[in-house]
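Peer 1: Could you have a look at this structure, given as structure tokens, before my questions?
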Amino acid sequence: MKTRVAVDPLTRIEGHLSVEATVEDGAVVEARSSATLFRGFEQILVGRDPLDAVQITQRFCGVCPTAHAVASSQCLENAFGIMPPDNGRIIRNLIQGANYIQSHILHFYHLASLDFVRGPDFPPFIPRYEADYRLPKAASDAIVSHYVDALHIRLKAHEMSAVFSGKMPHCASVVPGGVTVTPAVDKVTTFLWRLKELREFITNVYVPDVLTIAEVYRDYGEIGAGCKTFLSYGAFDLDNEPDVQKRKRFFPMARSLGGKLATVDPGKITEDVSRSWYGSSTHLAPSAGETAQDSAKKDAYTWVKAPRYDNGVYEVGPLARATIARMTDASSIHSKAIDDALKNLRLKPENLPSVMGRHLCRALETKALADAMADWVLQIKLDQPVATAFVIPEHGSGYGLWDASRGALGHWISIKNKRIDRYQAVVPTTWNASPRDDTGQAGAIEQALVGAPVKDPANPFSIARIVRSFDPCIACAVHLLTPSGKLLHQFRAV
Amino acid sequence: MQVLDAKVPGVYERTGPNSAGRQNLSLGRLTVSEYGFTRREFMRWALAASAAGAFSQSFLSKLVAAAEVAVKEYPLIWMQTSACSGCSVSVINTIHPSIKNVILDQILPGHQLFLNYHSTLMAAAGTLSTETAMDTGRRHKGKYIYIVEGAIPTFKDGIDGTLGEENGKPITMLEWVRRLAPDAMAILAVGTCAAYGGIAAASPNPTGSKGIGDVLKMLSIKTPVVNIPGCPCHPDWFIGTVARVLLYGLPNPKELDEAGRLKIYFGKSVHNRCINRDYLDEGTFSSKFGEPGCLLELGCKGPFTYADCPLRQWNSGVNWCINANAPCIGCTEPGFPDAHSPLYQRR
Numbered sequence: 051m052k053t054r055v056a057v058d059p060l061t062r063i064e065g066h067l068s069v070e071a072t073v074e075d076g077a078v079v080e081a082r083s084s085a086t087l088f089r090g091f092e093q094i095l096v097g098r099d100p101l102d103a104v105q106i107t108q109r110f111c112g113v114c115p116t117a118h119a120v121a122s123s124q125c126l127e128n129a130f131g132i133m134p135p136d137n138g139r140i141i142r143n144l145i146q147g148a149n150y151i152q153s154h155i156l157h158f159y160h161l162a163s164l165d166f167v168r169g170p171d172f173p174p175f176i177p178r179y180e181a182d183y184r185l186p187k188a189a190s191d192a193i194v195s196h197y198v199d200a201l202h203i204r205l206k207a208h209e210m211s212a213v214f215s216g217k218m219p220h221c222a223s224v225v226p227g228g229v230t231v232t233p234a235v236d237k238v239t240t241f242l243w244r245l246k247e248l249r250e251f252i253t254n255v256y257v258p259d260v261l262t263i264a265e266v267y268r269d270y271g272e273i274g275a276g277c278k279t280f281l282s283y284g285a286f287d288l289d290n291e292p293d294v295q296k297r298k299r300f301f302p303m304a305r306s307l308g309g310k311l312a313t314v315d316p317g318k319i320t321e322d323v324s325r326s327w328y329g330s331s332t333h334l335a336p337s338a339g340e341t342a343q344d345s346a347k348k349d350a351y352t353w354v355k356a357p358r359y360d361n362g363v364y365e366v367g368p369l370a371r372a373t374i375a376r377m378t379d380a381s382s383i384h385s386k387a388i389d390d391a392l393k394n395l396r397l398k399p400e401n402l403p404s405v406m407g408r409h410l411c412r413a414l415e416t417k418a419l420a421d422a423m424a425d426w427v428l429q430i431k432l433d434q435p436v437a438t439a440f441v442i443p444e445h446g447s448g449y450g451l452w453d454a455s456r457g458a459l460g461h462w463i464s465i466k467n468k469r470i471d472r473y474q475a476v477v478p479t480t481w482n483a484s485p486r487d488d489t490g491q492a493g494a495i496e497q498a499l500v501g502a503p504v505k506d507p508a509n510p511f512s513i514a515r516i517v518r519s520f521d522p523c524i525a526c527a528v529h530l531l532t533p534s535g536k537l538l539h540q541f542r543a544v
Numbered sequence: 004m005q006v007l008d009a010k011v012p013g014v015y016e017r018t019g020p021n022s023a024g025r026q027n028l029s030l031g032r033l034t035v036s037e038y039g040f041t042r043r044e045f046m047r048w049a050l051a052a053s054a055a056g057a058f059s060q061s062f063l064s065k066l067v068a069a070a071e072v073a074v075k076e077y078p079l080i081w082m083q084t085s086a087c088s089g090c091s092v093s094v095i096n097t098i099h100p101s102i103k104n105v106i107l108d109q110i111l112p113g114h115q116l117f118l119n120y121h122s123t124l125m126a127a128a129g130t131l132s133t134e135t136a137m138d139t140g141r142r143h144k145g146k147y148i149y150i151v152e153g154a155i156p157t158f159k160d161g162i163d164g165t166l167g168e169e170n171g172k173p174i175t176m177l178e179w180v181r182r183l184a185p186d187a188m189a190i191l192a193v194g195t196c197a198a199y200g201g202i203a204a205a206s207p208n209p210t211g212s213k214g215i216g217d218v219l220k221m222l223s224i225k226t227p228v229v230n231i232p233g234c235p236c237h238p239d240w241f242i243g244t245v246a247r248v249l250l251y252g253l254p255n256p257k258e259l260d261e262a263g264r265l266k267i268y269f270g271k272s273v274h275n276r277c278i279n280r281d282y283l284d285e286g287t288f289s290s291k292f293g294e295p296g297c298l299l300e301l302g303c304k305g306p307f308t309y310a311d312c313p314l315r316q317w318n319s320g321v322n323w324c325i326n327a328n329a330p331c332i333g334c335t336e337p338g339f340p341d342a343h344s345p346l347y348q349r350r
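Protein sequences, first through last, are from chains A and B. Take the position in the first sequence, starting the count at 1, then add 50; the result is the number in our numbering. Take the position in the second sequence, starting the count at 1, then add 3; the result is the number in our numbering.
The structure is reproduced here in structure tokens:
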């Protein structure tokens, strides 16, 4: 017998998402993810000064604003034909790196961990779904107390970012051409000491806690695989090469398709809208993206578009970056850490595309990144410039491709009469939480949900675990369309 | 059940280490301290202690009476609407009290907040979460604090933003306001979007988004609102406003400016207390990014922006926009971002 299960809202993620699944014989056979808020950012950006994009696009998301600041700045730099100097590049990496750390710690402890450990018996920890909490009491209580510690430690990561960015969330100092902040020895020192504290937490608490949960929930190494094709734009520039495809990045830019490494050609990215509340042409490149709502569109079910690379569905995020890192350089510290963890957990690389694989890759990339940042901060040169001067061209276009903590983030701009003529952003959660495309292919999360065990449709905790493992960020994903006048869409609850 | 280190003020002496307050409860210890228990937990502790023969029934009733007087509970409903979660992320950066203190401990002696609903932090999901909010509204009429983070889409009766569903139909954010605003003790508008519409309502305002004050006017709801703007809202501004309400009641009109903000935080312009006044006096202006100098030529909106950032600073006081040589963009103002756009050009 088929049962429909709706989780609306799916909490403990950024933003407003609902998931509807069809369950048959104790497992999900079909799923749809739907974003339930629409914001209209592209409309807001048209006609403004191009520089405003760096500040306004940060407001897509208060969890990962730095990624939008960098992607938007690189997009403008591409249009202006400039590159930041070394200091600008390094300081941006530090601002962004600090935010990766805070975002990943926040995701694991404050958004995801309550799926696996029972919190204390007062709000906001009750009420809750009574899931299968399997950890022994002492181990479970330890993770709950780390939940509390992590609230404080992620604040240190924000402080570290603010040392160079001015403030967080929504950083002030990232601008086209580089950064505004003047480097100084006290900033370098205070950054290093905060980083030391974070590295200790990551190494001694965060990574071990993820391993503890992964050991007890080893079956979740086989649940929630998804599409198994991966895309990363890469992040953290290590040189100033103007061509982004040739630029060396700490996380490399690549795709993984059928177990093989492939290059990324931004010209092959399109967005389908046949199942989105959106009436303009489907299958357009982001640089030519259109914005026209269709309030009564038949068969549409979300505000999220369906981005595709060469018509293929791709997962983005830490799992994608780890998969690509292992394929690009199997001997790197990042790759080896993943292999060691798999070995300790008696899991195989084939288990990586899974709920546990995503948590594991997120934790281990946090460690690899934090360790690298300790070197980067010492590369700052006090007497060197932080920004390259520019002139806004009369007309022009550009794009910026950069991995946010949650995955591949692209910004596209066209400029007319020194003003924004068109601005499009294709964000990580648009990839992961995408609806079906023109050919009916389900999005990454929708595919990952198929096969999820649901014993009790009234308590579909496995669905929540799968969706949260992607760390969806709906505020980012639903900036896209113009909304006036969508019809009520009908949801069928259980 | 274990009873240890118990101290009710004036009744027991503390005999062992006691720092974590309610955190210890989560670890299975029952610790009662001056700042570490709620009435509900105290009751549980007292009953357990009584059952274990720790003290007599009549003594128990005295303890309960003392606790009833001692601790006031304030349920919070924290609703995120057309927002980016940045204000939540900022508020959890509070240092004294820490966010742990805010969630787990008495935020002030005798005052305990209960974060009954916050969609990014709560354990529950789906109908269970929505029902928790609505149930809090029904059971605590006139006593709960309703926190709004984000603007409210109002076109087509608010259909651009929905939150949960009921009888198979989505509930609009506007409907949440209709149900929860009238019976709240107070509404706190956290961030510029909630206070004035902010980024969500920026031209051409495709969703007809409004700040909560304007929405209440539209719906003829009279519940008092205190605006705590900022993009994001500074954690100190939030905690301070909550403390004002808990300790001294709602601010009187004299304490608020015409934009509905507490003057203690938003009474003076950024420009008046700017660290770059010496550059202004000597006529040194920054003409491109990264160059030291007064930032007016790069579009600094300090003269038109009212906030205490120059003194308070951000992220535990490590920095703030102008100290990072970045122009103020005026994020605490009712006109943000449109009145300040282009952000990097002199107004």
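Even for Gly, the Cβ is constructed at its ideal location relative to N, Cα and C. Quick caveat, the model's predicted, so the values are computed rather than measured.
Would you mind listing the beta strand (DSSP E) stretches within the region 441-488 of chain A that are 3+ residues and don't spill past its ends, in chain order?
Peer 2: Correct list: 445-454, 457-466, 469-476.
Peer 1: Residue ranges of each alpha helix (DSSP H) run of no fewer than 4 residues wholly in the region 66-149 of chain B, ordered along the chain?
Peer 2: Whole alpha helix (DSSP H) segments, 4+ residues: 89-94, 102-107, 129-142.
Peer 1: Taking Tyr-251/B as the query, report the chain A residues whose CB atoms sit under 9 Å from its CB, ordered along the chain.
Peer 2: As a first step, residue 251/B is located in the second sequence; it is residue number 248 there, counting from the start. Here the premise fails: no neighbours, minimum Cβ distance about 25 Å.
Peer 1: Output yes or no for whether 8 Å exceeds the beta carbon distance between Asn-3/B and Glu-247/A.
Peer 2: The requested residue 3/B does not occur in the structure, where chain B is confined to residues 4 to 350.
Peer 1: Residues of the region 101-116 of chain A with a CB closer than 8 Å to any CB of chain B: list them in chain order, please.
Peer 2: So the list reads Leu-101, Asp-102, Gln-105, Ile-106, Arg-109, Phe-110, Cys-111, Gly-112, Val-113, Pro-115, given in the order they occur along the chain.
Peer 1: On the criterion of 16 or more Cβ atoms from any shown chain inside 10 Å, does Val-78/A qualify as buried, or is it exposed?
Peer 2: The residue labelled residue 78/A in the question sits at position 28 within the first sequence. The residue in question, Val-78/A, is buried, as its Cβ has 16 or more Cβ neighbours within 10 Å.
Peer 1: Rounded to a whole number of angstroms, what is the C-alpha to C-alpha distance between Val-273/B and Asp-421/A?
Peer 2: Here residue 273/B corresponds to residue number 270 of the second sequence, with the count starting at 1. Here residue 421/A corresponds to residue number 371 of the first sequence, with the count starting at 1. Approximately 38 Å between the Cα atoms of the pair.
Peer 1: CB Thr-135/B to CB Ala-184/B, shorter than 8 Å?
Peer 2: Along the second sequence, one-based indexing puts residue 135/B at 132. Along the second sequence, one-based indexing puts residue 184/B at 181. Against a cut-off of 8 Å, the Cβ pair of Ala-184/B and Thr-135/B comes out as no contact.
Peer 1: Just list the residues that DSSP pairs Trp-317/B with in beta bridges.
Peer 2: The count along the second sequence starts at 1 and reaches residue 317/B at position 314. In DSSP, Trp-317/B forms a bridge with Asn-322/B.
Peer 1: Report the option in Thr-240/A, Arg-109/A, Pro-443/A whose CA atom is closest to the CA atom of Cys-334/B.
Peer 2: The residue you call residue 334/B lines up with position 331 of the second sequence. Looking at the Cα atoms, Arg-109/A is the closest of the given residues.
Peer 1: May I have the straight-line CA-CA distance separating Leu-283/B from Pro-295/B, to the nearest angstrom?
Peer 2: Sequence index remark: in the second sequence, residue 283/B carries index 280 (1-based). Sequence index remark: in the second sequence, residue 295/B carries index 292 (1-based). Each residue's alpha carbon lies about 11 Å from the other.
Peer 1: I want to see whether chain B comes within less than 8 Å of Lys-217/A, judged by CB atoms only; does it?
Peer 2: By one-based count along the first sequence, residue 217/A stands at place 167. Interface residue, yes.
Peer 1: Starting from Phe-91/A and walking both ways along the alpha helix (DSSP H), at which residues does that stretch end?
Peer 2: Position 41 of the first sequence, counting from 1, holds the residue named residue 91/A. Looking at the DSSP string, the run of the alpha helix (DSSP H) that includes Phe-91/A is 91-95.
Peer 1: Could you check whether the Cβ of Pro-340/B sits closer than 8 Å to any Cβ belonging to chain A?
Peer 2: Taking the second sequence and counting its residues from 1, the one referred to as residue 340/B is at position 337. Yes, because at least one Cβ of chain A sits closer than 8 Å to the Cβ of Pro-340/B.
Peer 1: Could you please give the first and the last residue of the uninterrupted alpha helix (DSSP H) stretch that includes Tyr-282/B?
Peer 2: Position 279 of the second sequence, counting from 1, holds the residue named residue 282/B. Note, Tyr-282/B: alpha helix (DSSP H), 280-285.
Peer 1: For Pro-135/A versus Gly-216/A, is the C-beta distance shorter than 8 Å?
Peer 2: Indexing the first sequence from 1 puts residue 135/A at position 85. Indexing the first sequence from 1 puts residue 216/A at position 166. No, Cβ-Cβ distance for Pro-135/A and Gly-216/A is not below 8 Å.
Peer 1: By alpha-carbon positions, which one of Thr-210/B, Asn-279/B, Pro-337/B ends up nearest to Phe-269/B?
Peer 2: The sequence position of residue 269/B within the second sequence is 266, counting from 1. For the residues Thr-210/B, Asn-279/B, Pro-337/B, the minimum Cα distance to Phe-269/B belongs to Pro-337/B.
Peer 1: Closest Cβ-Cβ distance between Ser-337/A and chain B: below 8 Å?
Peer 2: Position 287 of the first sequence, counted from the start, is the residue given in the question as residue 337/A. So no, Ser-337/A is outside the interface.
Peer 1: Which ranges does the beta strand (DSSP E) cover as unbroken runs of at least 3 residues, wholly within the region 147-190 of chain A, from first to last along the chain?
Peer 2: None, since the region 147-190 of chain A contains no complete beta strand (DSSP E) of that length.
Peer 1: Am I right that Val-151/B and Val-193/B are in contact with their C-beta atoms under 8 Å? What's the rounded C-beta distance?
Peer 2: Locating residue 151/B in the second sequence gives position 148, counting from the first residue. Locating residue 193/B in the second sequence gives position 190, counting from the first residue. That belief holds up - the Cβ atoms of Val-151/B and Val-193/B are roughly 7 Å apart, short of 8 Å.
Peer 1: Please name the residue in Thr-210/B, Pro-209/B, Ser-206/B, Ala-262/B whose C-alpha comes closest to that of Ile-231/B.
Peer 2: By 1-based counting over the second sequence, the position of residue 231/B is 228. Nearest C-alpha to Ile-231/B: Ala-262/B.
Peer 1: Rounded to whole angstroms, what is the Cα-Cα separation between Val-245/B and Lys-146/B?
Peer 2: Within the second sequence, numbered from 1, the residue matching residue 245/B stands at position 242. Within the second sequence, numbered from 1, the residue matching residue 146/B stands at position 143. Between Val-245/B and Lys-146/B, the C-alpha separation is close to 14 Å.
Peer 1: Taking all protein chains shown into account, do 16 or more other C-beta atoms lie within 10 angstroms of the C-beta of Arg-184/A, making it buried, or fewer, making it exposed?
Peer 2: As a first step, residue 184/A is located in the first sequence; it is residue number 134 there, counting from the start. Arg-184/A should be labelled exposed.
Peer 1: By alpha-carbon positions, which one of Tyr-359/A, Ala-117/A, Tyr-351/A ends up nearest to Glu-321/A?
Peer 2: Residue mapping note: residue 321/A aligns to position 271 of the first sequence, counting from 1. It is Tyr-359/A whose Cα lies nearest to the Cα of Glu-321/A.
Peer 1: Within 10 angstroms of the Cβ of Trp-243/A, are there 16 or more other Cβ atoms? Answer buried if so, exposed if not.
Peer 2: Locating residue 243/A in the first sequence gives position 193, counting from the first residue. By the neighbour-count rule (16 or more Cβ atoms within 10 Å), Trp-243/A is not buried but exposed.
Peer 1: Quick one: which chain A residues come within Cβ less than 9 Å of Lys-103/B?
Peer 2: Numbered from its first residue, the second sequence carries residue 103/B at position 100. Those are Val-198, Asp-199, Leu-201, His-202, listed as they occur along chain A.
Peer 1: Give me the residue from Tyr-199/B, Pro-112/B, Asp-341/B, Phe-307/B with the minimum Cα distance to Glu-76/B.
Peer 2: Walking along the second sequence from the start, residue 76/B turns up at place 73. Taking only the C-alpha atoms, the option nearest Glu-76/B is Pro-112/B.
Peer 1: Compare the C-alpha of Ala-81/A against each of Asp-75/A, Gly-90/A, Glu-92/A, Val-69/A and name the closest.
Peer 2: To locate residue 81/A, count along the first sequence from 1; it is residue 31. Ranking the options by Cα distance to Ala-81/A, first place goes to Val-69/A.
Peer 1: With a CB to CB cut of under 7 Å and the five nearest residues on each side skipped, what residues in its chain are close to Arg-168/A?
Peer 2: The residue you call residue 168/A lines up with position 118 of the first sequence. So the list reads Tyr-183, Ser-190, once near-sequence residues are dropped.
Peer 1: Can you give me the start and stop residues for the beta strand (DSSP E) that Thr-53/A sits inside?
Peer 2: In the first sequence, the residue the question calls residue 53/A occupies position 3. It spans 52-57 - the beta strand (DSSP E) in which Thr-53/A sits, taken as one unbroken run.
Peer 1: List, in chain order, every chain B residue whose beta-carbon is nearer than 7 Å to that of Glu-64/A.
Peer 2: In the first sequence, the residue the question calls residue 64/A occupies position 14. Chain B residues near Glu-64/A: Ser-88, Thr-123.
Peer 1: Let me know the beta strand (DSSP E) ranges lying completely inside the region 297-371 of chain A, each 3 residues or longer, listed in chain order.
Peer 2: Listed in chain order, the complete beta strand (DSSP E) runs (minimum 3 residues) inside the region 297-371 of chain A are 299-301, 304-307, 310-312, 319-322, 356-359.
Peer 1: Since Phe-175/A meets chain B, which of its residues come closer than 7 Å, beta carbon to beta carbon?
Peer 2: As a position in the first sequence, residue 175/A is number 125, starting the count at 1. By Cβ distance, chain B contributes Ala-126.
Peer 1: Counting only beta-carbon separations shorter than 8 Å, does Gln-109/B have a partner in chain A?
Peer 2: In the second sequence, counting from the first residue as 1, residue 109/B sits at position 106. Taking Cβ atoms only, chain A never reaches closer than 8 Å to Gln-109/B, which makes this a no.
Peer 1: With distance defined between alpha-carbon atoms, name the residue in Pro-59/A, His-118/A, Ser-330/A, Arg-249/A nearest to Ala-458/A.
Peer 2: On the first sequence, residue 458/A is found 408 positions in, with the first residue counted as 1. Looking at the Cα atoms, His-118/A is the closest of the given residues.
Peer 1: What is the residue span of the alpha helix (DSSP H) that Pro-173/B lies within?
Peer 2: By 1-based counting over the second sequence, the position of residue 173/B is 170. Not the alpha helix (DSSP H): Pro-173/B falls in the beta strand (DSSP E), residues 172-175.
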